[in-house]
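Some notes on the structure that comes next.
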Amino acid sequence: MDSNVDDVLPLTRRVMGGVPATTLDDAVKLCNPAVALDPEADAGLHVNLDVLRGGDRMATLIRAIRRQGSTSSLQFLTGHIGSGKTTELLRMGNRLSKLPFDHRPTVLVLDATPLVEISDVDLEDILVALWKLVADRSTPAAAAVLAEIWKKELRDAIVSQATGASGLLRSVVDKLPSVATEGLSKLLDVLKLQPPEQRKALRMLLSNLTDTLVHGLNRALEVVREAAAGPVVLLIDNLEKLSSRQREAVEHLYLERLRALSRLDAHLVITAPSFLVYSSGGAGLLGQYATEVVVLPMVRVRGTAEGGHARDDQGIDLLVRVLTQRVDFARLFDGGVETAEAIVLATGGCIRHALAVVASAINQQDDAPIARTSVDRALGQFEAGLMRALDDEWLPALRKVHETNRFPSDCKADARREMLRNLFVLEYQRGQSEETFFEVHPLVVRSRRFREAT
Amino acid sequence: MNARPPWSSRAGGEAALATLRRTLRRGGTQFAFVPVVVDDESREEVVRALRGWAGHEGVPALTIFPASADGAGKFDLLLRGGLDPVEGVVIPDGDALVNADEGRLAAGLNLSRDHLGRWVRGPLVVLLSDEGATALARAVPDLHDVRAGSIEIRGLARSGGGEDPEWDAICQEANRLLVDGGGGDVTNSELLELARWATTYGNRMDRPRRARDARQIAEVAADRAYHRAQEQGQFLEVLEAWFSRSIARWSELTPDQQQSFALEAHQKSRDLGHPIKSAEALGMLAKSLATHGNIDRAMKLIRDNVAPAFISHNRPDVVFNLLMITAEEMMRSSRHADALKVLSELERLDLPSASNESSLHVERAHAYCFMKIGRLDQAITTYSDRVLPLARQLGSTPDIAVAERETSQAYAMRAGPGDLDLALIHAEAAAMEAERANMHTQSREARAFAATIEHRRSALRPPGPNRAARRSAHRQTSRR
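Those sequence lines, one after another, are chains A and B.
Start counting the first sequence at 270; every next residue gets the next number (this note's numbering).
Start counting the second sequence at -6; every next residue gets the next number (this note's numbering).
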């Protein structure tokens, strides 16, 4: 598997005393919510939660890729912030790379963030980023194919399209290097760093060359496929973080423009914003691409309102294991594993929130053991941080969700999307046969604003 | 609503500052997003502390950007590769970050979350106001979700000491019970005691912000006690806490809400067989009725139901306090005639006066109300014959100063023969007593008032007795 993801030091290599952490300093490092697990180096920290998430959802994607073989496919992965999309996507890439030789695909991961201007992104940006990815990270033969096309076709086509463009854009295009990787970097710089008008002008120019871009990529991918005797899988991560301010533009990109990517001779798995699944656009996403959208739900720690919000001991146990594999609770926390359990219950199955609370509780004190009051204070502070984004107008709907595990029918799509996006409402699904249900984040439920809402 | 915890006096602020330092030290050279909510008074001191920690004792070197919109611009430049990567960043004006470039910077920041470590190898500390923190949480949900803690630092610049020892003591207790957790050993009764104390303080406080802060402490303490008692199945404590919480919020409730709460509380207390609580609830109903224009019904309720219950349980002080608080509330809303009715009820019930302080309190309220409704003879008589002697007997300089000042006002209002002379004498005495009690503002005001009287007096007739003669006259009045 090759990717353009930063070469960050895996978590387990950042600590002095091994895992689980037996010192407060190590524990804070291992609970940094900003760092995703490395699929190999951090395998010891990973806990398989498939059984609680409606089965091995990534296996569904892997099976689809294996069965379709050389026939290309386009699939979407979505889920809450912090549900582990990146972790699961990277693990999926890792699993694909370890398939038996005769089924083993070539996996390329495009992390959208460093390559494109995410608050203003379109199909052209992604195509150029994919060209750069294949040129830099796949086989030399494929890179050579792209270099050739760039030099003989694409660069000249871009220059000729620029006739009549603004002086500023002309000055950039006229000086496009003839070396493919340098030329692509220049285009990406313009798409990411230049003022909006110039970005727009370049995109218009490139939109006339979409066929050339797709065709060129397909020729390079063919070389990769032939060399590896297997399909190519392109994983595009982080595209779902597109600004929600431009919701219409995002819907247009996913529902209309990304259709061009289905013409690539590869299996594509793209992360999608969850609101496209939960809003009317969701049906569009499924309808447009005739594919399955895989949703990563939160890990359930309590049951539905109908069952009296009963504890889900299996979920709790597994999440406690997520924490205790990172931190020696018996040694560092008053109450030991019971404290870990309290944190898990209070954070509603959000692994990232649980980790953040552990780290925050530790930072309340200089020395171990961490008192229960420090945990309470950390939870209180986390609750305050969470509640900041909560709009009072949503409180009645939140109460309904808590009572029925469903959004009320009069809840507007925008409000629903924001409640999910900000994790005020969490989505759960236990077994694949079990219906999805929603629940309000426990820290919202315990807040005074929620309790006093009528 | 982002409630500002008023108990976050300097001690609370310093505890939060220590948490910030630990967060930076333990995070080391690993990217961490650290939003910090600060009040305006504390911002400068937090930046100063960060500057001092940078590069020492495990805290990474911190690049502190300018404390203005320029800081956001410079950060943008860093993210675009225009600056070398840094070990850590402090953005003193995070609010500017949210709005920079019409939100584009925030959108880019959100998307770049997983790659910020490329430019910022350690902590990214963003100082925000309450409003800025709310806006940031909404603008960058993905980044906000990986925050390393939610630290709030307030009150670092507040002196806290000496100005009002009772308030300092309340804050200290609130810190102990609500922030520090009382060493893990907090009891419900301690929380409820704090709620009562802060409510009482807030009710008599005439500085709106301080009163609001006190009520907030009371509400939080009562709320915590309520939930703890519920968890523990302590139903009487639940009831007690429920009372305390509602009392703390009393002034924010509409009259209907107050009265329906009181009736519900009355019923619940009866169901639990708690006659004192039941009477307390009726007392609250009476207070609400009185405050909202139904004074006669309120007084009847107190006379027939509330007072007998408390007196039979040897708690006449509760009735006394209820009536005094109600009277004061009316005085604050300039309903002095109604306040007198309440005070008359106090006389009618003939409650044993708990102390000379309480008597002084009642007499002064009487005199003040007489003065305000124009019954100046009665006001002057009450001040001269009862208020001033009681204040002098107690030896309380601030009370003497206030009584002198009000006596002076009453004489000046009546302005009969010789009244202005006496008004002047009492005004000067008020200034002198205020000076002795270190009430400098009141002293200045009393002197200004004396000057006004002097001016009026000299405009009306030839100069009166000289200063020495006036002092002599005042001594004679005092002896009476």
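The C-beta atom is built at its ideal place from N, Cα and C for all residues, glycine as well.
Here the structure is a predicted model, which means the values were calculated and not measured.
In the displayed model, aspartate 380 (chain A) falls within a strand according to three-state DSSP.
With a threshold of 9 Å between beta carbons, leucine 379 (chain A) makes no contact with chain B.
Residues of the segment 101 to 114 of chain B with a C-beta atom less than 9 Å from some C-beta of chain A are Gly101, Asn103, Leu104, Ser105, Arg106, Asp107, His108, Leu109, Gly110, Arg111, listed in chain order. Taken through DSSP and simplified to helix, strand or coil, valine 502 (chain A) comes out as strand. The three-state secondary structure of isoleucine 57 (chain B), taken from DSSP, is strand. Taking 9 Å as the threshold, the shortest C-beta distance from glutamate 38 (chain B) to chain A does not fall below it. Neighbours of proline 116 (chain B) in chain A, taken as residues whose beta carbon is under 7 Å from its own, are absent, since the nearest beta carbon is some 11 Å off. Ranked by how close their Cα comes to the Cα of alanine 360 (chain B), the residues B:Arg379, B:Glu350, B:His419, B:Asn349 have B:Arg379 in first place. Around phenylalanine 676 (chain A), the same chain offers Ala666, Val670, Arg685, Phe707 as residues with beta carbons nearer than 7 Å, after the five sequence neighbours per side are excluded.
Under a criterion of Cβ atoms nearer than 7 Å, the residues of chain A adjacent to valine 139 (chain B) are, in order, Pro302, Ala303, Arg621. By the Cβ-count criterion, glutamine 209 (chain B) is buried, with 16 or more other Cβ atoms from all chains shown falling within 10 Å of its own Cβ.
Ranking B:Gln402, B:Leu369, B:Glu350 by CA distance to the CA of glycine 388 (chain B) puts B:Glu350 first.
In the structure shown, the three-state DSSP call for methionine 567 (chain A) is strand.
For a Cβ distance threshold of 7 Å, residue set Asn632 of chain A lies close to threonine 16 (chain B), ordered along the chain.
Secondary structure note for leucine 415 (chain B): it is in no beta strand (DSSP E), and the uninterrupted alpha helix (DSSP H) holding it is 412 to 429. 9 Å or more divides the Cβ of valine 83 (chain B) from the Cβ of arginine 114 (chain B). The C-beta of threonine 127 (chain B) comes closer than 9 Å to at least one C-beta of chain A. Between the alpha carbons of serine 105 (chain B) and isoleucine 146 (chain B) lies a distance of about 27 Å.
Two segments are said to touch when three or more pairs of C-beta atoms, one from each, lie closer than 8 Å; by this definition the segment 398 to 416 of chain A does not touch the segment 335 to 354 of chain A. Close partners of glycine 20 (chain B) in chain A (Cβ separation under 8 Å): Val297, Lys298, Asn301. About 6 Å separates the CB atoms of leucine 278 (chain B) and glutamine 252 (chain B); that is less than 8 Å, so the two are in contact. The Cβ of serine 629 (chain A) sits closer than 9 Å to at least one Cβ of chain B.
Check the Cα spacing between asparagine 691 (chain A) and each of A:Gln698, A:His710, A:Ser678, A:Tyr697: the tightest is with A:His710. Against isoleucine 331 (chain A), chain B offers no close residue; the least beta-carbon distance is about 23 Å (beta-carbon pairs closer than 7 Å). Residue environment for glycine 21 (chain B): buried (at least 16 other C-beta atoms within 10 angstroms of its C-beta). Leucine 423 (chain A) is positioned such that its CB atom lies closer than 9 Å to that of leucine 478 (chain A). Linking aspartate 63 (chain B) to glutamate 447 (chain B) through their CA atoms gives a straight-line distance of about 58 Å.
The beta-carbon distance between leucine 330 (chain A) and valine 564 (chain A), rounded to whole angstroms, is 12 Å. This is too long to meet the 8 Å contact definition. Cβ proximity to chain A below 8 Å picks out nothing from the segment 253 to 269 of chain B. Counting along the chain, alanine 25 (chain B) sits inside the beta strand (DSSP E) bounded by residues 25 to 31.
When the beta-carbon positions are compared, phenylalanine 651 (chain A) and histidine 622 (chain A) come within less than 9 Å of each other.
Among the residues facing chain B, aspartate 325 (chain A) is not included, as its CB has no counterpart in that chain under 9 Å away. Of all alpha-carbon atoms in A:Asp311, A:Thr340, A:Glu696, the one lying nearest the alpha-carbon of arginine 532 (chain A) is that of A:Thr340.
Each residue's CA atom was taken as its position, placing valine 376 (chain A) and histidine 578 (chain A) some 42 Å apart. Taking 9 Å as the threshold, the shortest C-beta distance from threonine 434 (chain B) to chain A does not fall below it. Counting along the chain, phenylalanine 345 (chain A) sits inside the beta strand (DSSP E) bounded by residues 342 to 348.
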